[in-house]
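Undergrad:
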Amino acid sequence: MTPRPPSDDSTQHPDTGAEAPAPVKKTAAKKTATRKTAAKKTTATKETVAKKATAKKSATRKTAAKSTTGAVAAEAATGAPAATTVAKKAAVKKAAVKKATAKKAVATKAVAAKSVAETAVAKKAAAKTAAGEKAAGGRKAAAKKTAPRKTTVAKKTTVGEKTTVAEKTTVAEKSTAGQAVAAEPVTAGSVAAEGAPETAAAKKAVAKKAVTKKAATKKTVAKKAVAKAAGAKTVGAKTTVAKTAAAKQGSAGKASARKAVAVSESAGAEPAAAVSVLAGSATPPEPTVPHQATPEPSGPDPVVPRQSTTEPLPDEPPAAAPVVSPEATEPAFSPAMDGGDRERLVAGTHHEPHAVLGAHPAPGGVVFRAFRPYALGVSVLVGSLRAELHDDGGGFFSALLPLREVPEAYRLLVSYEGTEQETEDAYRFLPAIGELDLYLIGEGRHEQLWRALGAEPMTHQGVTGTRFTVWAPNARGVRVAGTFNFWDGTGFPMRALGSSGVWELFVPGIGEGELYKFEITRPDGSRTFRADPMARRTEVPPATSSVVHASHYEWGDEEWLARRAETPAHEAPFSVYEVHLASWRPGLTYRQLAEQLPAYVSDLGFTHVELLPVAEHPFGGSWGYQVTGFYAPTARLGTPDDFKYLIDALHRAGIGVLMDWVPAHFPRDDWALAEFDGRPLYEHQDPARAAHPDWGTLEFDYGRREVRNFLVANAVHWCEEYHIDGLRVDAVASMLYLDYSREPGQWTPNEHGGRENLDAVAFLQEMNATVYRRVPGVVTIAEESTAWDGVTRATHHTGPGGFGGLGFGLKWNMGWMHDSLGYMAKDPVHRKHHHHEMTFSMVYAYSENYVLPISHDEVVHGKGSLVSKMPGDWWQQRANHRAYLGFMWAHPGKQLLFMGQEFAQGAEWSEAHGPDWWLLDPAYGAEADHRGVRDLVRDLNAVYRRTPALWEQDTRPAGFSWITGDSAEDNVLAFLRFAEDGSPLLAVSNFSPVVRQDYRLGVPEDVPAWREVLNTDAGVYGGTDVTAADPVKPEPHPWHGRPASIRVTLPPLTTLWLRPA
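Read in order, the letters of the sequence shown are residues 52 to 1112 in my numbering.
(1) Let me check one thing: in DSSP terms, what residues is R546 bridge-paired to?
(2) Suppose you measure from the CA of G836 to the CA of H631; what does that come to, to the nearest Å?
(3) Give me the Cα-Cα distance between W1061 and W925, rounded to the nearest whole angstrom.
(4) So, helix, strand or coil for Y567, using DSSP?
(5) What residues in its chain sit with their C-beta under 8 Å from that of W674, if we drop five residues either side in the sequence?
(6) With respect to the alpha helix (DSSP H) encompassing A650, which residues constitute its N-terminal and C-terminal limits?
(7) Name the residue from P508, P544, L452, E807 whose alpha carbon lies nearest to the alpha carbon of R393.
(8) Tell me whether W969 is buried or exposed, calling it buried when 16 or more other Cβ atoms sit within 10 Å of its Cβ.
(9) Return the chain-ordered list of same chain residues with a C-beta closer than 8 Å to the C-beta of Q647, the five sequence neighbours on each side being excluded.
(10) CA-CA distance, E1115 and L1001?
(11) Please classify K945: is it buried, with 16 or more other beta-carbons within 10 angstroms of its beta-carbon, or exposed?
(12) Buried or exposed for L487, going by 16 or more other Cβ atoms inside 10 Å?
(13) Based on Cα-Cα distance, which residue from A410, G671, L701, Y676 lies nearest to R687?
(14) Within 8 Å, do at least three Cβ pairs link the region 1084-1104 to the region 1047-1055?
(15) Please report how far the alpha carbon of W798 lies from the alpha carbon of E807, in whole angstroms.
(16) Identify the continuous alpha helix (DSSP H) that holds G390 and give its terminal residues.
(17) Exposed or buried, which one is K862 when buried takes at least 16 other CB atoms within 10 Å?
(18) Look at the alpha carbon of E15 and the alpha carbon of H881, and state the distance between them as a whole number of angstroms.
(19) Could you say which of G915, W1013, M786 lies nearest to A896 if we only look at CA atoms?
(20) Would you report the Cα separation of V822 and V829, rounded to the nearest angstrom?
(21) On a Cα-Cα basis, can you pick out the residue from G493, G533, V599, V514 that is closest to P524?
(22) Determine contact between the region 552-560 and the region 507-525, defined as no fewer than three beta-carbon pairs at a distance below 8 Å.
(23) In its own chain, which residues sit with a C-beta less than 8 Å from the C-beta of A876, not counting the 5 before and 5 after it?
(24) Does DSSP classify Q441 as helix, strand or coil?
(25) Apart from the five residues just before and just after Y604, which ones in its own chain have a Cβ nearer than 6 Å to its Cβ?
(26) First and last residue of the beta strand (DSSP E) that includes S466?
(27) Do you know how far the Cα of L936 is from the Cα of H774?
(28) Let me know if H884 comes out buried or exposed under the rule of 16 or more other beta-carbons within 10 Å of its beta-carbon.
(29) Who are the near neighbours of E459 in its chain, counting only those whose CB is closer than 8 Å to its CB and skipping five residues on each side?
(30) Express the C-alpha separation of R642 and G572 in angstroms, rounding to a whole number.
(31) Need the endpoints of the beta strand (DSSP E) that I832 sits in, please.
(32) Let me know if M509 comes out buried or exposed under the rule of 16 or more other beta-carbons within 10 Å of its beta-carbon.
(33) Runs of 4 residues minimum, wholly inside the region 851-883: which ones carry the alpha helix (DSSP H) assignment?
(34) Using a Cβ-Cβ cut-off of 7 Å (strictly less than) and excluding sequence neighbours within five positions of P1116, which residues of its own chain qualify?
(35) For a test of the three-state rule: what should DSSP assign to L427, helix, strand or coil?
(36) For the beta strand (DSSP E) containing V678, list its first residue and its last residue.
Structure (structure tokens):
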């Protein structure tokens, strides 16, 4: 059966019935080494033959008639010298001579009349049958007895290529993509057996020995017969026949050195030229090897037998077909992609597209593959070389190019209908995220996670583009889609980086402003488009895409940052104006707000502003508390750099910036975090724990280290990237308790049988410790409404409950807020029955570091504004409002006031229209009433900031002392505040609507006189202007347990502040 040459795009598999080995593949490097070794070995062989030819000629002729193929085989098997073997078996050889001569006569019957020069032509014809092939091998051996010619061949062509010496066709030009195939010569015995070769084991054993034997002892009668029939009296040449046997043992170079084509001198043939496809040739090869099909012949697949040096033993019957080991069969290489890879790429479920796409070394050169749906053609540009890839169908293109190595840089020229696009190949790049990043992500300790995940414009391997990375461990596949690929991510599959759950793709040529999402194939095979959880910029809602962003803002707040760390927040003046940016002045952008907000807040004297959540949220009515873009400021008001501009302007005005941060829950939007990769990922896997019972949202799984890392890094992100001075953490109580808003049977106790969420505790401790360590001068504030022990205690200090502190800097005093507002809402005639509501806060005032909040939560949802909570007529409401603010500013703790309450807005706040600024319009008749309250707030802040007694010892009992806390019948409260140096401030509140003349109060005797520094009843604030212009001197009259006392007039519904004169 005639072997068929393998095509470029087909892989030959040996048929069960034909078990000869397939062609052996060689890499470019091996082939180059083979050619060099072949030339050296051929020269050595010629010299050896020339030296020994004369000496062995006579001996050869004497033993020719006696020598048989069996003698040579026996010698190879036993390792005995050829001469000894011949002497011992002379009788046997005589009989074998006749038999071997007869066998050889059959093999050479067709060429007996031809010259030795025609032997190559006979080999071409003989290649059609196995028997003919082996006969050609015998003739080749005979031809080698002629005078050696300077012939070198770099590679042997496949048998099916039928190369002849007369045609002078180089092996490299005939071989497909530089593939070398070994042909197997035949012995006389095998020809007589009609081409049946010996078993593989016998061939291998004999071949190993035969390599070291001398040519003179290996000559057979068959060789002599061929030489005599040709009429050519040639000098005996030493020949070696174990050519492919050495290759079997991994010695490709030695085998190639023995592969020389001997041409008869009488034919006058020229030696074949050795040509390398990779190193260059007389006829340069085409740069592209197109993927073409080869017609299959009928019948079983033919195979190309390997070379053999085995000669059959005498009287040996015809051998069966050789058994070829699987590793000896190597199919021809095809540049086209495997069908399984194609299917997975099309389906979006390929974990490692970079392993099959791009450029890779392959037998015969470098294979290039591209996946470009909708493209008409794809070419590779390597330097000045342009090679067109073969269209494999379905958007796949491939080619095998004769290159020595994978080029460091190349480009793709992609042709579409009506246009061409030259671009870098995204699949030629190494991962753009480091091993350390992946390790830290896996450990849940990457404190700058936003630098490793998300979309990051960068220069990678000398090419500008954007690196996309996303954590989706349950995904079967991830692709990136956006405006740069018309929202079709088919051709942009991402690779999974080990077991980290991170998917990565560097897309060259993509820069800032591009919209994108991740197309995730879920475990069930369905697909979902998701916004980037780590996106630093988003589209303006209700659009939901993420935006590639790189900040270019240059900060100017170095002085502020250096100063803010000098004093801890709980020991410094801390008066907060709470703002909802989108509605403070509706319609203003971040940059426009920067022109107005700092000036307004500075004028009122607040030390800080607290921004309701600015992280991106789809529903404006949530005020920002249902976050989907945790790393991006809302695009409603501008870009991230615009937001930085606002913060910078506030810092330059001397105002700190706090931000509401919402790590307690997230909405269920199907384009955001909920079941992000098809399974619960950011939320808890237990549906009962995942669902928040109050808000219809999902709670984070704080026990998963990657989720905890996502949130901790987010806190650090706002402080480091946006210079935020503090985070007010929302809904801490809902995080701390497993039974929060849940009935019995709706929650599962922790491992100790308790109701504490231990995972949330660990998360809050880690977050606080990390933020305070990385960003000096920041403060974290907990909105926590229960009596949890140690909210503001350091994490390394263990409390009575066995827990370390949560590590917050401050905590909202929700108890004070609730009790005091309840008291103020009562009619003054009933307040004496609720007097304890104003004093109870001092029982626990020093258990934590507190903030006294009158926040947005107290002026919405039917609760009314602060002034509208007060009883009485309009005058009494405003008077109560002013007196309450005076009491609040004097009470231990920091202050927070929501926008609109500083000028006694009567209506509830609405995010749709914001504060009622028209109340301050001079054309409005009651403008003076509202302006008076705002002026009071300005003066409260001014006196507060310059009076250390009001803030220096906020968290220490030494800073407070009651004068009277039990004057319930009078609705009077009086207390002293002390600075660290002992200087006092006396605060007195009269929450009854009557004037109390000469009201006696006990005071320290060491103060010679007291001067009124603030009176909420002053006429400029809209009061009755019952004030005391002159200092008040104490009398040596003990009162309220003090050695001295003063008598003062208390205006109705008023708070007075007095300091030593």
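Glycine is no exception: its CB is placed at the ideal position from the N, C-alpha and C atoms. Treat the numbers as computed from the prediction; the structure is a model and nothing was measured.
TA: On the basis of the data shown:
(1) Counted from its first residue, the sequence shown places residue 546 at position 495. DSSP lists E555 as partners of R546.
(2) As a working mapping, residue 836 is identified with position 785 in the sequence shown. As a working mapping, residue 631 is identified with position 580 in the sequence shown. It is worth fixing the name first, because residue 836 is Ser in this sequence and not Gly. Computed Cα separation, rounded: 22 Å.
(3) Translated into the one-based positions of the sequence shown, residue 1061 becomes position 1010. Translated into the one-based positions of the sequence shown, residue 925 becomes position 874. Near 32 Å, if we compare the C-alpha coordinates of W925 and W1061.
(4) Taking the first residue of the sequence shown as 1, we reach residue 567 at position 516. Strand.
(5) Counting from 1 along the sequence shown, the entry for residue 674 is found at position 623. Excluding its 5 nearest sequence neighbours in each direction, W674 has C-beta neighbours in its own chain below 8 Å: H631, L663, P664, H907, E962, listed in chain order.
(6) By 1-based counting over the sequence shown, the position of residue 650 is 599. Unbroken alpha helix (DSSP H) run through A650: 641-655.
(7) Indexing the sequence shown from 1 puts residue 393 at position 342. Measuring from the Cα of R393, the nearest candidate turns out to be P544.
(8) Here residue 969 refers to the residue found at position 918 of the sequence shown. Sixteen is the threshold: since fewer than 16 other Cβ atoms of the shown chains lie within 10 Å of the Cβ of W969, the residue is exposed.
(9) If you number the sequence shown from 1, residue 647 lands on position 596. R636, L639, listed in sequence order.
(10) A question about residue 1115 goes unanswered here, because the residues of the chain that appear run from 52 up to 1112.
(11) By one-based count along the sequence shown, residue 945 stands at place 894. Buried: at least 16 other Cβ atoms inside 10 Å.
(12) What you label residue 487 is simply residue 436 of the sequence shown in a count that begins at 1. Label assigned to L487: exposed.
(13) Within the sequence shown, the letter at position 636 stands for residue 687. Closest by alpha carbon: G671.
(14) Yes: the two stretches touch, three or more of their Cβ pairs being nearer than 8 Å.
(15) In the sequence shown, residue 798 corresponds to position 747, counting from 1. In the sequence shown, residue 807 corresponds to position 756, counting from 1. Going from the Cα of W798 to the Cα of E807 covers about 11 Å.
(16) The count along the sequence shown starts at 1 and reaches residue 390 at position 339. Note, G390: alpha helix (DSSP H), 390-398.
(17) Reading the sequence shown from its first residue, position 811 is the one you call residue 862. K862 should be labelled buried.
(18) Residue 15 lies beyond the stretch modelled for the chain, which goes from 52 to 1112, so this question has no answer here.
(19) For this step, residue 896 is matched to residue 845 along the sequence shown. Taking only the C-alpha atoms, the option nearest A896 is W1013.
(20) The residue labelled residue 822 in the question sits at position 771 within the sequence shown. The residue labelled residue 829 in the question sits at position 778 within the sequence shown. When rounded, the distance between both Cα atoms is 8 Å.
(21) Taking the first residue of the sequence shown as 1, we reach residue 524 at position 473. When only C-alpha atoms are compared, the closest one is G493.
(22) yes
(23) Start at 1 with the first residue of the sequence shown, and residue 876 comes out as number 825. Around A876: K920, M921, P922.
(24) By 1-based counting over the sequence shown, the position of residue 441 is 390. The displayed chain sequence assigns His, not Gln, to residue 441. DSSP places H441 in strand when its eight states are reduced to three.
(25) Locating residue 604 in the sequence shown gives position 553, where the first residue counts as 1. D692, K695, listed in sequence order.
(26) Locating residue 466 in the sequence shown gives position 415, counting from the first residue. Taken as a continuous stretch (DSSP letters only), the beta strand (DSSP E) holding S466 covers 462-467.
(27) The residue you call residue 774 lines up with position 723 of the sequence shown. The residue you call residue 936 lines up with position 885 of the sequence shown. Answer to the nearest angstrom: the Cα atoms are 30 Å apart.
(28) For this step, residue 884 is matched to residue 833 along the sequence shown. Result: exposed.
(29) Here residue 459 is taken as the residue at index 408 of the sequence shown, counted from 1. Here the set comprises nothing.
(30) Stepping through the sequence shown from its first residue, residue 572 is reached at position 521. Stepping through the sequence shown from its first residue, residue 642 is reached at position 591. It should be pointed out that residue 572 corresponds to Thr in this sequence rather than to Gly. Between the alpha carbons of T572 and R642 lies a gap of roughly 40 Å.
(31) Taking the first residue of the sequence shown as position 1, residue 832 is located at position 781. Residues 830-833.
(32) Mapped onto the sequence shown, residue 509 falls at position 458. It counts as exposed.
(33) 865-875
(34) Residue 1116 lies beyond the stretch modelled for the chain, which goes from 52 to 1112, so this question has no answer here.
(35) Translated into the one-based positions of the sequence shown, residue 427 becomes position 376. Here DSSP, grouped into helix, strand and coil, assigns L427 to coil.
(36) Here residue 678 corresponds to residue number 627 of the sequence shown, with the count starting at 1. Neither: V678 is in no beta strand (DSSP E) and is coded neither H nor E.
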